[in-house]
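Residue numbers (the working numbering): 63 to 206.
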């Protein structure tokens, strides 16, 4: 009877180990899928790519261009989400590296700093939440 009990306990422990390994594997797989979808979201959005290339290669933005401001809102919202994921440890260093480079390029552009400050002032004057707090925080923490 004791042998039977030991065998059952061993099988139960083996079942727990298999369940744990399956859980860890599925969690890693779903995270990889999420990061892949995030990268696809950015790379398949022509407007995001155009805005980033304009900032990266020209280094300046015409702040009077209303079309740019309209298109930039989605771009900033995407990066706000990326930084939110990073601050909440959903994106780790390896996942965040490509976005770190882009954030440095974008947030060090003087025209972008001015534009984000204008948006922040607008929000403050109207007593509404500034929508890009994570971008601002990231800039203050890492780009001084």
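All residues carry an ideal CB built from backbone N, CA and C; glycine is no exception.
Secondary structure of residue i, DSSP reduced to three states
| i | result |
| --- | --- |
| residue 141 | helix |
| residue 162 | helix |
| residue 116 | helix |
| residue 191 | coil |
| residue 111 | helix |
| residue 99 | helix |
| residue 59 | In the structure displayed, the chain extends from 63 to 206; residue 59 sits before or after that span and is not available. |
| residue 150 | coil |
| residue 157 | helix |
| residue 65 | helix |
| residue 170 | coil |
| residue 186 | helix |
| residue 197 | helix |
| residue 121 | coil |
| residue 131 | helix |
| residue 206 | coil |
| residue 126 | coil |
Nearest neighbour of residue i, chosen from the options [CA to CA]
| i | options | result |
| --- | --- | --- |
| residue 135 | 101, 93, 180 and 186 | 180 |
| residue 130 | 65, 115, 165 and 188 | 115 |
| residue 177 | 104, 111 and 117 | 117 |
| residue 167 | 200, 98 and 153 | 200 |
| residue 171 | 120, 64 and 106 | 120 |
Cβ neighbours of residue i in the same chain (closer than 8 Å, five flanking residues each side left out)
| i | result |
| --- | --- |
| residue 109 | 133, 136 and 137 |
| residue 174 | 117, 123 and 168 |
Close-in-space but distant-in-sequence residues of the same chain around residue i (CB under 6 Å, 5 per side omitted)
| i | result |
| --- | --- |
| residue 182 | 192 |
Residue i beta carbon near the ligand NAP (any heavy atom closer than 7 Å)
| i | result |
| --- | --- |
| residue 114 | No copy of the ligand NAP appears in this structure; indeed no ligand is present at all. |
(message) Using a Cβ distance threshold of 8 Å, determine whether the segment 149 to 161 contacts the segment 110 to 126, with at least three qualifying pairs required.
(response) no
(message) Within 8 Å, do at least three Cβ pairs link the segment 160 to 168 to the segment 186 to 194?
(response) no
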